[in-house]
Each structure stands twice: as C-alpha cells, then as structure tokens.
Amino acid sequence: LRTIDGTVYSSYQETAVALGLFRDVCEAQYALEEAVSSFALPPQLRFLFAHLLLDSPSPAVALWERFGPALSADFALHYSHDEAISRTLQSISRILRGNGATMRQFGLPEPTGVERELQLELAAFARQRETLMMRSRQNYAALNAEQRHIFDIIHSSLATGGCFFVDGRAGRGKTFLMGTLCDYIRAEGEVVCVAGSTALSVTLYDRGRTAHSTFGIPVRESSCEIVSQLSPHSGRAELLRHAALLPWEELPMANKAAVQCADQLLRSIVGQDQPFGGKTFIGIGDFRQVAPVTPATTAPEAVFDASIRSSHLWPHFRILHLIAPLRNAADPFYSAWLDGIGDGVTPLDTVVDLRHLHLVYSIGDAVDFLFPAAVLDEPAQSVRRSFLSPFNLRVDEFNRTMLDRLRGDEGTDPAFGTSSMGRH
Numbered sequence: 001l002r003t004i005d006g007t008v009y010s011s012y013q014e015t016a017v018a019l020g021l022f023r024d025v026c027e028a029q030y031a032l033e034e035a036v037s038s039f040a041l042p043p044q045l046r047f048l049f050a051h052l053l054l055d056s057p058s059p060a061v062a063l064w065e066r067f068g069p070a071l072s073a074d075f076a077l078h079y080s081h082d083e084a085i086s087r088t089l090q091s092i093s094r095i096l097r098g099n100g101a102t103m104r105q106f107g108l109p110e111p112t113g114v115e116r117e118l119q120l121e122l123a124a125f126a127r128q129r130e131t132l133m134m135r136s137r138q139n140y141a142a143l144n145a146e147q148r149h150i151f152d153i154i155h156s157s158l159a160t161g162g163c164f165f166v167d168g169r170a171g172r173g174k175t176f177l178m179g180t181l182c183d184y185i186r187a188e189g190e191v192v193c194v195a196g197s198t199a200l201s202v203t204l205y206d207r208g209r210t211a212h213s214t215f216g217i218p219v220r221e222s223s224c225e226i227v228s229q230l231s232p233h234s235g236r237a238e239l240l241r242h243a244a245l246l247p248w249e250e251l252p253m254a255n256k257a258a259v260q261c262a263d264q265l266l267r268s269i270v271g272q273d274q275p276f277g278g279k280t281f282i283g284i285g286d287f288r289q290v291a292p293v294t295p296a297t298t299a300p301e302a303v304f305d306a307s308i309r310s311s312h313l314w315p316h317f318r319i320l321h322l323i324a325p326l327r328n329a330a331d332p333f334y335s336a337w338l339d340g341i342g343d344g345v346t347p348l349d350t351v352v353d354l355r356h357l358h359l360v361y362s363i364g365d366a367v368d369f370l371f372p373a374a375v376l377d378e379p380a381q382s383v384r385r386s387f388l389s390p391f392n393l394r395v396d397e398f399n400r401t402m403l404d405r406l407r408g409d410e411g412t413d414p415a416f417g418t419s420s421m422g423r424h
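In UniProt numbering, the protein residues as written are 1 to 424.
See below:
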C-alpha cells in the first residue's frame, strides 16, 4: 500500500501526498522556520518540534534532517557532533515519552544510552530529597487529626499494599494531604505516580499525568471491558512496577472500565493477582460532585453502572473520610449550606425575577439584539458580545444566521490535510 511506481514511502501520509490525494502543506515546517527566524533557543525548538509531532501529522524524519542543527545547537557548543545529536534525541524522546509516545512511532532514530522512565523519575527528585523531607514534615505538622490519621494509615500500608478511597467534600484538604504524602514518600527515594481523571485534576501535583496516559487506557466512550495499550516491557510499565504509591485524583468521575483497565495492567506487570497488583492505590474525590459521563443518557441506572462503585473492585477499597471543613472553617453556616447542596437537601424555594431580561422568540431576534448593524460595523464592540447556549444546534443556527448577514465576500480556507480531490 505504501509503494508507488516502485518507491516505498515511510508512511501512509507520504504515500497519499505522492498520489496527489492530499496537499503537501507542512505547517510544522512553517512553524519551525518561524521559530528559528525568531531566534528561539534550542530547548524551545525541541519542545516545539516534539509537540508538532504529537499534535499534527508531520513528516518527522524530514523535519529532523532539516532542523537537526538548530535543535542541537546548544549541545554542539560543548560536545562532539555524535554526542550532541544523541543528547538532542534524548531531550526530544523525554518529551514524547511524557506524552505517551516514542521516537519509533515517528520513524526517528533512538538516542544512544536512552534513559528509562524510571531513571528520569528518580532523577527528577534526587536533588530535592532534603527539601521534600523538610517541606513534608512542616506540612505534616499542619495536618489536622483526620488528615494525620489518613496519612499514617496509607504510609504504613506501603510495604503490604492496599486500596483506599479518600472521601471528602470540597475544601476538606484532600489535595494538601496527598501533596504532603507524595513529598514524604519521594523524599524517602520511592516512586509516586500521580494520575488524574482529567489533566486539570493533577495540575497541583509534581509530574502528574492523566490516567489515560499513566496506564495506557484507550479512549473509548463505553463501559465495556478495555485493555491497556502499554506493553509490559515498556519504560512506563517499568515505572509503574517500581511505584510505591499510585494516587488517582477525581476517581469518582472515571468510568469503571478505565479503573478496571488499570487494575488488569498492574496485575500483569507486577505479576500479582491482587487488586492493582498489590500496590498501594488511592482514589481521591467526592461522589457528590462529578459523575462518569454516560453518552446519550442521563438515567441514574446508567450513571451508577459506569461508576467505580458498581465495579467488582469497589469492595476492596477502604473508605477514609475527611469531614472537618478547612477552606470555609471560619464560616460554618456557608460550609453547611454548600454541604446541603452536595447532599441534595437544600430547599429549592428561591425565586429569581427574570422580568428585567430582554426576551426574544427566535434566532433572528437574538441576532438583531446582540449584533445590530451599528455594532457589526464596530469590531471593538462586536468582540465584547457573544451568544451562549447549552445546545450546539442553537449555536450553529446562530452562526449561520450571522454569516448570512455579514457584509463582504465569503471565502473558504481548507484545513490542513484537505483532500485535493474535493468532496464526493
């Protein structure tokens, strides 16, 4: 399939370009040329290079051959040519591996003396161990009785393993507790792999990753059984095998199939037929907040069926509660009111008077109200207005109506990779 007129192309993308099915427009090349001409530093160029490979179908080998000297310019000042190239490839490889990809996927040469993920993880905290220990001890002294009790239980389980769920409403100090625990364990020279149901949920942790990246969970919108894409012999598998602690932030919003996928992976790579391979696994979150997404249904039964609480793994979890409010400790009335909302017991007797709002009955009326002709002629005013709707269908209708009313000639810019043969 990749052979055209006797020439074997390295990828299906290059084959499609050779056949004339796609336009050979390399946005990655333009981006790198602009970065080089703007005097971007080599580390910045390597970061850009790696993320261009991750985010767009770019000819990696051709880009490497063209921009290799610029990517390795800083190393070339201090090392021989071969050593500079090797260090450059190692730098790019680290970025790719941090995003669940490898050099081999893009046809790039593997650097000599490749650092394994385990080595990188340990090296990231090796020089900070004294600082981490000092910070963790200071934070431990600041924990309340509930937090300290949970800290001690989890820390004492590291030798034997176990499954825990730290349950706490918003403002109970879950993140502060887990950050203190992670610091202390890393200060002891152990590995902690923090995962989260979303990227946002792990932004407060050092070297946190999404659960899908950490455990190689495929992105599937179903609750059926899924299998990890990680190889048991990969660097990530080695990292997980040596991990002393596996916290999972916002576990309640994860589909149980994803959690069970991680469980099967850990059993396989550790070689122990125990929940999560006998590792100390910690789920963190609040079931009152965000439930798993169940496409095309809001039925309570479907939501519960997707929840970890309906999984065969749930009985193995020991539930640890954080009850005392910390964030709103100075305002117990407000804290109780928030808890009531989470528990669904707050009376819904508040009436909001909407009579002062401007009422429209059609998309056309909404356009006339938001973007009258006088506003459309003033870009500075137009950008300060927007149409919001809970339904994409209404937004599309509004946008179509707006396009019909805009003055000037309409044009269409094809997206990158658009077929040159047009639609059929």
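Just so you know, even glycine gets a beta-carbon here, dropped at the ideal spot from N, CA and C.
So residue i and residue j are in contact, right, with Cβ under 8 Å, and what is the actual spacing, rounded?
i           : j           : result
residue 387 : residue 406 : That pair is no contact at about 14 Å.
residue 32  : residue 41  : About 13 Å; that fails the 8 Å criterion.
residue 56  : residue 28  : 6 Å
residue 311 : residue 304 : With 8 Å as the limit, residue 311 and residue 304 do not qualify as a contact, their Cβ atoms being about 11 Å apart.
residue 132 : residue 183 : 5 Å
residue 254 : residue 197 : 5 Å
residue 283 : residue 165 : 4 Å
residue 120 : residue 103 : Going by Cβ atoms, the distance from residue 120 to residue 103 rounds to 15 Å, so no, they are not a contact pair.
residue 319 : residue 167 : 6 Å
Please state whether DSSP places residue i in a helix, a strand or coil.
i           : result
residue 152 : helix
residue 247 : strand
residue 209 : strand
residue 192 : strand
residue 320 : strand
residue 269 : helix
residue 15  : helix
residue 8   : strand
residue 350 : coil
residue 131 : helix
residue 401 : helix
residue 425 : Any question about residue 425 goes unanswered here, given that the chain covers just 1 to 424.
residue 226 : coil
residue 255 : coil
residue 219 : coil
residue 421 : Confidence in residue 421 is poor, its pLDDT being 49 and thus under 50, which makes the residue's placement unreliable; the coordinate value appears in the next sentence. Residue 421 falls in the coil class under three-state DSSP.
Could you please give the first and the last residue of the uninterrupted beta strand (DSSP E) stretch that includes residue i?
i           : result
residue 280 : 280–285
residue 167 : 162–168
residue 505 : Because the chain spans 1 through 424 in this model, residue 505 falls outside it and cannot be assessed.
Return the CA-CA distance between residue i and residue j, expressed in angstroms with no decimal places.
i           : j           : result
residue 291 : residue 257 : 14 Å
residue 54  : residue 101 : 8 Å
residue 250 : residue 176 : 14 Å
residue 19  : residue 4   : 8 Å
residue 280 : residue 207 : 18 Å
residue 358 : residue 395 : 19 Å
residue 7   : residue 50  : 28 Å
residue 59  : residue 204 : 35 Å
residue 295 : residue 391 : 15 Å
residue 97  : residue 333 : 48 Å
residue 402 : residue 361 : 17 Å
residue 79  : residue 211 : 38 Å
residue 340 : residue 363 : 38 Å
residue 376 : residue 365 : 15 Å
residue 344 : residue 154 : 31 Å
residue 134 : residue 140 : 10 Å
residue 201 : residue 373 : 44 Å
residue 16  : residue 174 : 51 Å
residue 83  : residue 301 : 59 Å
residue 136 : residue 150 : 15 Å
residue 287 : residue 252 : 6 Å
residue 299 : residue 399 : 32 Å
residue 52  : residue 236 : 22 Å
Tell me where the alpha helix (DSSP H) around residue i begins and ends.
i           : result
residue 430 : Any question about residue 430 goes unanswered here, given that the chain covers just 1 to 424.
residue 26  : Neither: residue 26 is in no alpha helix (DSSP H) and is coded neither H nor E.
residue 92  : 81–98
residue 297 : Careful: residue 297 lies outside any alpha helix (DSSP H) and carries neither H nor E.
residue 236 : 235–242
residue 382 : 379–382
residue 289 : Segment: none, residue 289 is in no alpha helix (DSSP H) and carries neither H nor E.
residue 274 : Per DSSP, residue 274 belongs to no alpha helix (DSSP H) and is neither H nor E.
residue 361 : Looking at the DSSP string, residue 361 is not in any alpha helix (DSSP H), and its letter there is neither H nor E.
residue 176 : 174–187
residue 314 : Where residue 314 is concerned, there is no enclosing alpha helix (DSSP H), given that its DSSP letter is neither H nor E.
residue 105 : Note, residue 105: premise wrong, no alpha helix (DSSP H); not H, not E.
residue 376 : 373–376
Step through the CB atoms of chain C and report whether any lies within less than 8 Å of the CB of residue i.
i           : result
residue 377 : No chain C is part of this structure, which consists of one protein chain only.
Hey, would you say the C-beta of residue i is under 7 Å away from at least one heavy atom of the ligand SAH?
i           : result
residue 392 : Although the ligand SAH was asked about, the structure shown includes no ligands whatsoever.
At least three beta-carbon pairs within less than 8 Å, the segment 315–334 to the segment 136–148:
yes
| request: Assess, as a yes-or-no matter, whether the segment 263–270 is touched by the segment 179–186 under the definition of 3 or more beta carbon pairs within less than 8 Å. | output: no
Report task. Would you check if there are 3 or more beta carbon pairs closer than 8 Å linking the segment 229–247 to the segment 186–199? Result -> Counting Cβ pairs under 8 Å, three or more are found: they touch.
Is the segment 161–171 in contact with the segment 271–278, if contact means three or more CB pairs nearer than 8 Å?
yes
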